[in-house]
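Just below is one structure, and these are the notes that go with it.
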Amino acid sequence: MKILTFGASNRKTSINKALARFTATLVPKAEMEVLDLGDYDLPIFSEDLEKEIGHPPAAKAFFEKIGAADALIVSFAEHNGSYSAAYKNLFDWASRIDEKVFQNKPTVFLATSPGPGGAGSVLASAKSSARFFGADLKAAVSVANFYDVFDTETGRIAEASALADLIEAATALALQEVA
Numbered sequence: 001m002k003i004l005t006f007g008a009s010n011r012k013t014s015i016n017k018a019l020a021r022f023t024a025t026l027v028p029k030a031e032m033e034v035l036d037l038g039d040y041d042l043p044i045f046s047e048d049l050e051k052e053i054g055h056p057p058a059a060k061a062f063f064e065k066i067g068a069a070d071a072l073i074v075s076f077a078e079h080n081g082s083y084s085a086a087y088k089n090l091f092d093w094a095s096r097i098d099e100k101v102f103q104n105k106p107t108v109f110l111a112t113s114p115g116p117g118g119a120g121s122v123l124a125s126a127k128s129s130a131r132f133f134g135a136d137l138k139a140a141v142s143v144a145n146f147y148d149v150f151d152t153e154t155g156r157i158a159e160a161s162a163l164a165d166l167i168e169a170a171t172a173l174a175l176q177e178v179a
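Numbered by full-length UniProt numbering, the letters in the sequence shown go through residues 1 to 179 in order.
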């Protein structure tokens, strides 16, 4: 099973990218590809610009990466209660290629933050719109207090409850391979 994973942020040291990568390691026998949203530099989306330039190569490449995967793990960064601007812009461009951006792939949504909210607002938003954008959502997990539960030396979640939730989410993806 090929899992495409990314943190929905363009920060080089994104805690959401770390969480997504770690969760992908919990899926048995999975091949993982980790995207860096910083590699998908795009102008701010507008219909006027779309009419002028069409679909930019970076948006097409992102959409094709999703299409080539068997499953997705996306961890959402929360900026002022919503998606990061980098993710939202890339998503907007990709949705103009096909509204079903997630292409009916089995998907796990995650979110984390340094605080007790665990980026719950953005995760709730992503969950509520998932079906409209072609995500076959298998699980959604918020991890609060990231720096308290993540061991930066090992790159692993050390707290039992958060780890159990992530194992359950990874298992939901692994079951897709068996079915």
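From the three backbone atoms N, C-alpha and C, an ideal C-beta is built for every residue, glycine too. Since the model is a prediction, treat every value here as computed from it, not as a measurement.
Selected residue, minimal CA-CA separation from residue i, among the options
{"i": "R156", "options": "K12, N10 and N16", "result": "N16"}
{"i": "V101", "options": "Y87, A162, N145 and G120", "result": "Y87"}
{"i": "T82", "options": "T112, I66, A71 and T5", "result": "Inspection of the sequence shows that residue 82 is occupied by Ser rather than by Thr. With distances taken between Cα atoms, S82 lies closest to T112."}
{"i": "G38", "options": "T25, L49 and N10", "result": "N10"}
{"i": "Y147", "options": "S14, A68, A8 and L175", "result": "S14"}
{"i": "R96", "options": "F76, L49, E78 and A71", "result": "L49"}
{"i": "P43", "options": "T171, D165, E31 and A94", "result": "A94"}
{"i": "E78", "options": "A170, D98, V122 and I66", "result": "V122"}
Whole-angstrom distance between residue j and residue i, CA atom to CA atom
{"i": "N89", "j": "P56", "result": "12 Å"}
{"i": "V27", "j": "A119", "result": "23 Å"}
{"i": "A18", "j": "R131", "result": "25 Å"}
{"i": "E33", "j": "S46", "result": "30 Å"}
{"i": "K12", "j": "A160", "result": "27 Å"}
{"i": "D92", "j": "K60", "result": "12 Å"}
{"i": "R21", "j": "F6", "result": "7 Å"}
{"i": "T171", "j": "A164", "result": "10 Å"}
{"i": "V143", "j": "S75", "result": "10 Å"}
{"i": "I53", "j": "A162", "result": "44 Å"}
{"i": "A85", "j": "T25", "result": "27 Å"}
Own chain partners of residue i with C-beta closer than 6 Å, once the 5 adjacent residues on each side are dropped
{"i": "D36", "result": "none"}
{"i": "Y40", "result": "A58, F62 and L90"}
{"i": "D151", "result": "A158"}
{"i": "N104", "result": "G134 and D136"}
{"i": "A174", "result": "V27 and P28"}
{"i": "P114", "result": "F146 and Y147"}
Continuous beta strand (DSSP E) stretch holding residue i: start and end
{"i": "V34", "result": "E31 to L35"}
{"i": "I3", "result": "K2 to A8"}
{"i": "P28", "result": "Counting along the chain, P28 falls outside any beta strand (DSSP E), and DSSP gives it neither H nor E."}
{"i": "K127", "result": "Element bounds for K127: not the beta strand (DSSP E) but the alpha helix (DSSP H), G120 to S129."}
{"i": "V74", "result": "A71 to F76"}
Start-to-end residues for the alpha helix (DSSP H) that takes in residue i
{"i": "D48", "result": "E47 to I53"}
{"i": "L90", "result": "A85 to I97"}
{"i": "D148", "result": "F146 to V149"}
{"i": "I66", "result": "P57 to A68"}
Beta carbon of residue i nearer than 8 Å to that of residue j
{"i": "N80", "j": "P116", "result": "no"}
{"i": "V141", "j": "L110", "result": "yes"}
{"i": "M126", "j": "E168", "result": "Strictly speaking, residue 126 in this sequence is Ala, with Met absent from that position. No."}
{"i": "T154", "j": "I73", "result": "no"}
{"i": "D70", "j": "K2", "result": "yes"}
Own chain, CB closer than 7 Å to residue i, minus 5 neighbours either side, in chain order
{"i": "P106", "result": "A71, D136, K138, L173 and Q176"}
Beta-carbon proximity list for residue i, same chain, < 8 Å, skipping 5 on both sides
{"i": "K65", "result": "L4, E33 and L35"}
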